[in-house]
Each structure stands twice: as structure tokens, then as C-alpha cells.
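Chains as they are written, first to last, in my numbering: chain A, 1 to 456; chain B, 1001 to 1456. The beta-carbon is built from N, C-alpha and C at its ideal position, and this holds for glycine as well. Data first, discussion second: the structure below is written as C-alpha cells.
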């Protein structure tokens, strides 16, 4: 049976439930801690911030499957199932015996997999009778996805966008506003924390941590609002499991099974979603792929970070999570163009890596990334987001190893987003002005010094 | 049988031949004329400018079908068949008994249907042993598609981009360069015509006509180069027929047939492609849909233009074509953001309209366009190109008529491209700074006064 370039499932094959890998993990889950008491956070702690159903999902380590509400499935049908692509042209160009597949999540207007969770979070907010939600965005993938989701369900969406990003990427702001969202450059004078930061540092370009703090402040202080987050959290990995289940079903149609699964990892939602059903098999002791998480050498949380309790934000307002982290004060070099800037990593991915289920983390430089991205664009006709190009880089490297060894491995990677909003970064690369930046051990020590002191 | 949100064909169902509607048209084809002699152009006239195979296709009014070479079909498989979407959410929001379908051509990296012809033209250039091709681009859809196609086949691509556009849309330039194209703002000092124009008017922002003149000059004066064009020409409509044949096959799977077909029309390639197989049935005297071409009120070539011989460019260097035209000197108001700026119209579409096969041309204002575009984006989760929003506007209007009359019509429209590169125009609309501009009769008379004097 000839495998097509693109394998599509039918709409009936969209999963009817998300998968909660925490129910299967053979580990003592380290709970999130309340930073004031260092006690495990409770639903009561979280409910002023997050929607009730999302709090339940966040704390749920019992139920393997969580039913996807019909309204969310209907939205999924407008852009899912996403295609699983056999990269025939890339295989040919590399002259490799390997088979290369990628799951392409960039085909929707928001341009990335983030929409899978955004629509779920907007739905639960609407269902709980909320007027709207608040969030932060840096590069803008998450903000765009959330603006679309809120536009669809007719609820308000207040996005705090890192000021320097909103100036560098005015079009991201424009598309969010087109979907009805309010975009406020952060820090702003609309919040206490924003005014405080502006008073101390009037010319700051802002940071993700500051934007989180503003978004949380508005959510907890405004009746009818909750805060939502696009990665890192357990609930987000639950929603993103749809990527992996679609992928597995598509491969099974052609009796295929991956030897290697590769995903970029910033907060971890893309790789966490793609690998979910395959990781379930590994946890169950069955045959399973070799898993590789790819991160930028400029923000190497898994390869050079510590497995420790830390804040999820640089503003130190969130609960503490046990994860691989560079310290919440760590900020990648400003010339880092490739996304994946989060100082920590999904607690689920961190635990799986710590326990040896997630086989390898690999850090790559951004020049290698963009080289792979441009090569891929010309060969496969698809311009990837720089984040996704991390996975492309390693997929190409692994395929070239197969060429050397003659092994016919089946390589699967996640192409989490498209690069149409990242042309500025490509132009930097094309012009030769982009450089690699690798933090020194001293740089990292400064971040580790800020880790909270938690005895376990 | 429940009709899914998205109907996909298999790769085997990609048409194996393009359709040449000229072979079926019951009319005396008005040949293109050599402007110097006013005699019909010959293959010899055209061969210094266009690739040989494309000249053949341009002049071919005998062969109904032209086989699609295997190499082009392989490229098509990376992004085709494109989905035919049932707009369930839009139907529900409009509360209409109408069924609404759209063929979505914006899912590839170039963002529009232009890639269908770009890959064909690049292929024939490569096959003829050319080093590269030259072209012009305004907004950038065609230039991006051609850059991708040339990148894939490894031939050079020189794009002359209207200077003001290259300044307003630096990212379009960036993406073309990422695919290996050279982008020169036009007018430039690299050509005789460019230097002449700059000498006369050093501060000009350029025009499409000027860019065409520069691209043609470079093609005919550089060994191993030919000129290519993304719309208007017969060959382009041949390549774009793939849109219509895929659409028809997808509808037939569910026993559906459109009552109305709607497409935006600038040069005519998108509507020409979408309607091709349905128009063939109409020409053959069978039951057929009602065809509507939608154009901007600011550039109303079919609704207010003349059916006359005219130059295809404002530089008056091309052959003369018999078409609906506003005169080659006509330039839409600078605040026109919605694309479709060509002064003329595909000779094929023009003839079909003149002969009554293409039922209706309708002009719409750009405020109506963007209102429809934003509404569609929020309801269907897909941000359209402003050009494509012309078709959306009329599809919505027709669906609302069905609500009034209670008729369950089946409406099909072409969604030719995505709007990710058009956020600047959306921001103008969001801010209220966009206005309608409708040329006066006096404005039009100025354009008509430049029409060449051709006796038939």
C-alpha cells in the first residue's frame, strides 16, 4: 500500500477524549506548592485564578481520559484532524533510507498547535459564565490562538503582550485585535504591578514574567474573569494529547510505527501532546520509540538546568512546580530569535525525563536551526516556525545518521507551527546578522541562585 | 450521509490533466495582437519572452486537456488536494437555509492559489534549460509563490517588486529571499526603463506596469531567462483549472451541485480556475450554476469597463488583449487595500461575460469586504486575504437572500488565499481609517481615452 504524502483522518476519527498521562505515570507526582506555605496547592487556592473545570484537570492524577465536549469537537472539525505528512521530498534530498513523518499543526489561522488548548480553555470559561479571560503573550502564538477561541465563543480576551514584542510584531497585535481581543503592551499603567515596574524602570521593554503578573492581577481583581496559560500546565498537556492520538491512528492505517519521536520543547506542550500515546506504551512496558526533546542552546533547561521546585514566572507570583529549570530569573539573550524562551519545563515532561522515560534532551544553536528551516522550506514547500525548526534540525540529523548506518528507521517529528509571522527572524538569518548565544556556567549559576529553598 | 466540515480527495484524485476551456468556447477567439503591427501575435513573437511550452499553451485553442507532468503532480501532492469546506458555522450564524461551501487555496506557505501556476511555469523554464525567470509582484502573493516554485526546482528567480509595496510589506520581501529569490524594488537602476523612470521622477513609489516593464527587459536581454506572469493569461487559467476539477469531484462524493458559484476577480485566475468544469457544462448546454464575478468598486473593470483591445500593463510593452478594461493607465486609489488592482481582466473571463455565460459581475466596496472578512474570521476560524473576502461578502449576501426567500440554495465560493500577510490592511480597517473609494465617471473617461485604436 503506497503511503500518500499526507495522511488525513476523517472527522469521526478525531479523538473523543483527551488523555491524562499523569494517571499512568509510575511516579510520586510532585504537587505544585503554595509559595507562601510550601504546602501543596488546593483547588481552593487555584479557583480565583483558573476556571473550575481547568483546576480539576490540573490536579487530576486519577482519570486516564477526559471527554472532549461536543462544542470543542465542533471547533476542532474546522481545522482538525491535522495532516500527518510523509516527507518524501526531504527523504529524497537527504538520500536517506529513513522514513520521515511530521505532524503539521500550523495549518490553522493562529498558526500553531496552541489553538488545541485555547479553544478548550475559552470553552470552560464561557461555560462557567465568565465574561472573559486574561493572559500574557510573548511572540504571539498563544495570544493569537486565544483571541480566535474567545472570538468564536464570544467572550472577552485581554492579552498583555511583552512591550518589546508588541513593537517588533505589530501584526501579531493586529490579528489579535481583529479577533476582538484587547492587547495591552506590558508593563502598562492599567495594573498595580505594571505601574510599580514602570515607576522603577520607565524605559523597560517588559518581560513575560511581568506580563503574567499583570494578567493574573486583572483576572483575580475583575469580576467574571479568569487567567489562562498556553503551555507548561498539566491541563495544557491533556488538551494537546489530541496531536499524538491523531498521529498514532494515522500511522496505524499504514502499519507504521515510529522508531524515534522528536519534538521541540519550550514549555513542553507540543512534544507532550505528540508523544502522549506512545509514552503510555513505554510506561506500560511495551515496545516504544526513542524520545528526543529539542531545546535551544540559549535556553537549555533540560540539558543544563536543575530538577527543582521553582516559580513558573519571573515575577514569582505563581505556585511552585517541580521541573527542570534555569531559575525564574533566567532570560535568554535578546538576540535569540527561535522562541522556546521559557526558563522551566512542563512538570510532566520533567518527571518523565528525570525517570528515564523521555530518553534524551538535545540542545541546538539557532544558526543550525535556521539552516534546517530554510532547507526544509525549499524542499518541502512549507516555511516552519523557528520553534518547530528545532525538531526539523534533529530529524535531519537523525536521518543523516541513518544514511551512514544504512538503517531504515522511521522518524516522526512535530511541526508545531508555521513561520509566516516570523519573517523578521528569517531576514536576520538571511542577512547574516543572527548569531549563536550559549550561556556560560556563570550565567546559569546566577539563575540557580534564585531558586526557592524547598526541602523535600 | 453526513457531509463533513472538510472534504478531502485522495492524492490519486488530483487531476492528471489541466483543462483548456478555450477549446470548448463557442466563440471566435480574439487573438492577442502585436501592438506594432496590430496583427495576431505568433509563437515567434512570444518566444523571446515566454518559455516555449507556455507559449504553446497560451495560443492553444484546440486541445481540451493538457497533461500535467509527473514532476508537477509530485509538487502538488505536498499541498493538494486542497480542502473543500462546508461552512457549517457560517450557515448557523447567518441562520440561512442555504448550504455554503468554499474551496480553500490558502493552506500552502505562499498563502494562495498562485502556487498552482507558479510551479508549472517554473517547471517548464527548468525543462527548457533556463537559468531562471523574471517577474513582477505588487502585494506579493505571486512573487512568493514563484519564489517557492523556483526554490524547489533550483532555478533563479528575479522579482521586481513595486517599490512602495516592498517598503510597506518588508516581510513579503523577506519570505521571497528565504526561498532564494532576488527582490529588487521597482523602479530600479538595474534596467534602462527603470533608470529612465527614475530620471523623470526620482521619488516615484513605482507601479505594477513599471515593474512588468523592468522584468520583461531583463528577461529578453539576459541569456537563459524568460518572463513569467501570475494571472490574466490563458496559460494561467489552464493551470488553475485544477481548483475547479477538485471541487467538482469533492462535491460529487456527496451528490452536491452548486446553484451559485462566486469568485473574486482581479486578473481572473482564481474564478477562472474554480468555475472551469462547471462552465464547460454550461457551454455544452447542460444544467449549470449561476456564476458571479466579484470585483472591487474601486477597480470595476467588468461592471464599468469597456470590452476592448488594450495593453496588459501600464507600461504599454505587452501584446494587446481583447478584454474588459478601464484603460491601461487606470490605477486604483492608493487607499485601496483589498487587492485586485488590475485594470483589465482575463480575456477568457471577459469573453465569457460578454457572451453571457458568466452571468454576473458585481462590484463591492472595501468596507463591506472587511466587514465580511472579520465576521468570517471569527465564525469560521480562518483569516481570509482581502481579495478572497470579496467572494465571502457576496456569498454572505446570497445566503441572506436565501434566508428571506426560504430557498435552500447551494452556494460555492473560492477562498483563494489567507490573510496572514495582510494584517496591515486589517489594522487600517480596525482603526476606522479605511474608506471606500469609487471612481467617478470622469476618472474612468481618462482611462478610456488611453485605449489603443484597434479596428476589428
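Residue i versus residue j - alpha carbon distance
i                       : j                       : result
residue 1362 of chain B : residue 18 of chain A   : 47 Å
residue 1406 of chain B : residue 1400 of chain B : 10 Å
residue 1214 of chain B : residue 1037 of chain B : 23 Å
residue 364 of chain A  : residue 297 of chain A  : 5 Å
residue 441 of chain A  : residue 1434 of chain B : 53 Å
residue 350 of chain A  : residue 228 of chain A  : 21 Å
residue 510 of chain A  : residue 1089 of chain B : What the structure shows of chain A is the stretch from 1 to 456, and residue 510 of chain A is not part of that stretch, so it cannot be assessed.
residue 1397 of chain B : residue 1411 of chain B : 11 Å
residue 1040 of chain B : residue 1267 of chain B : 21 Å
residue 455 of chain A  : residue 24 of chain A   : 26 Å
residue 334 of chain A  : residue 75 of chain A   : 37 Å
residue 357 of chain A  : residue 291 of chain A  : 8 Å
residue 429 of chain A  : residue 1062 of chain B : 49 Å
residue 1028 of chain B : residue 1423 of chain B : 44 Å
residue 1073 of chain B : residue 127 of chain A  : 47 Å
residue 255 of chain A  : residue 1087 of chain B : 34 Å
residue 107 of chain A  : residue 1449 of chain B : 47 Å
residue 383 of chain A  : residue 257 of chain A  : 26 Å
residue 144 of chain A  : residue 123 of chain A  : 16 Å
residue 322 of chain A  : residue 344 of chain A  : 9 Å
Cβ-heavy atom distance, residue i to the ligand ADP, below 7 Å
i                      : result
residue 455 of chain A : In the structure shown, the ligand ADP is absent, as is every other ligand, since no ligand is present at all.
Expected contact under 8 Å - CB spacing of residue i and residue j to nearest Å
i                       : j                       : result
residue 1444 of chain B : residue 1341 of chain B : That belief does not hold up - the Cβ atoms of residue 1444 of chain B and residue 1341 of chain B are roughly 15 Å apart, past 8 Å.
residue 50 of chain A   : residue 195 of chain A  : Contact flag wrong, Cβ pair sits at about 25 Å.
residue 1234 of chain B : residue 1113 of chain B : Residue 1234 of chain B to residue 1113 of chain B, Cβ: 16 Å. No contact.
residue 103 of chain A  : residue 274 of chain A  : 6 Å
residue 34 of chain A   : residue 319 of chain A  : 6 Å
residue 1391 of chain B : residue 1262 of chain B : 5 Å
residue 179 of chain A  : residue 148 of chain A  : 5 Å
residue 327 of chain A  : residue 278 of chain A  : Actually they do not touch by this definition, with Cβ atoms about 31 Å apart.
residue 1009 of chain B : residue 1246 of chain B : 6 Å
residue 1232 of chain B : residue 1312 of chain B : 6 Å
residue 240 of chain A  : residue 95 of chain A   : No, residue 240 of chain A and residue 95 of chain A are not in contact; Cβ-Cβ is about 34 Å, not under 8 Å.
Proximal chain A residues relative to residue i, where beta-carbon distance stays under 7 Å
i                       : result
residue 1152 of chain B : 378, 381
residue 1148 of chain B : 381
Contacts of residue i in chain B (Cβ-Cβ under 8 Å)
i                      : result
residue 230 of chain A : Ordered by position in chain B, no residue passes the 8 Å Cβ test against residue 230 of chain A, which lies about 17 Å from the chain.
residue 3 of chain A   : Within 8 Å Cβ-Cβ: nothing; residue 3 of chain A doesn't reach chain B, min ~10 Å.
residue 421 of chain A : 1420
Chain B contact residues for residue i, given Cβ-Cβ distances below 7 Å
i                      : result
residue 126 of chain A : Simply none; closest approach about 14 Å.
Neighbour list for residue i in chain A, Cβ cutoff strictly below 9 Å
i                       : result
residue 988 of chain B  : The question about residue 988 of chain B has no answer here: the residues shown for chain B are numbered 1001 through 1456.
residue 1077 of chain B : 4, 5, 6, 88
Beta-carbon neighbours of residue i, restricted to chain A and to distances below 8 Å
i                       : result
residue 1312 of chain B : Near residue 1312 of chain B there are no residues of chain A at all, since even the closest Cβ is about 29 Å away, more than 8 Å.
residue 1102 of chain B : Chain A residues near residue 1102 of chain B: none, gap ~12 Å exceeds 8 Å.
Using a Cβ-Cβ cut-off of less than 7 Å, list which residues of the region 1360-1392 of chain B approach chain A; keep chain order. 1374, 1377, 1378, 1380, 1381, 1382, 1383
For a minimum of 3 consecutive residues, which ranges assigned as the beta strand (DSSP E) are wholly contained in the region 47-94 of chain A? 65-67, 84-86
Along the region 1157-1180 of chain B, what residues have a CB closer than 9 Å to any CB found in chain A? 1170, 1171, 1172, 1173, 1174, 1175, 1177, 1178, 1179, 1180
Selection of the region 5-17 of chain A by Cβ proximity to chain B, strictly under 9 Å: 5, 6, 8, 10, 11, 12
Can you check the region 137-209 of chain A for any beta strand (DSSP E) of at least 3 residues that lies completely inside it and give the ranges in chain order? 156-162, 182-186
Every unbroken beta strand (DSSP E) within the region 230-279 of chain A, with a cutoff of 3 residues, ordered by chain: 260-264
Chain B contacts made by the region 425-436 of chain A, where a contact means CB separation under 7 Å: 426, 427, 430
Beta carbons nearer than 8 Å to chain B: which residues of the region 241-266 of chain A have them? none
Residues, ordered as in the chain, of the region 1278-1292 of chain B that lie near chain A by beta-carbon distance below 9 Å: none
Under 9 Å, CB to CB, which of the residues in the region 1401-1412 of chain B have a partner in chain A? none
Below 8 Å between beta carbons is the criterion; list the residues of the region 121-146 of chain A that meet it against any residue of chain B, in chain order. none
Runs of 4 residues minimum, wholly inside the region 1341-1411 of chain B: which ones carry the alpha helix (DSSP H) assignment? 1347-1354, 1366-1380, 1386-1405
Segments assigned alpha helix (DSSP H), at least 4 residues, entirely inside the region 291-317 of chain A: 301-304
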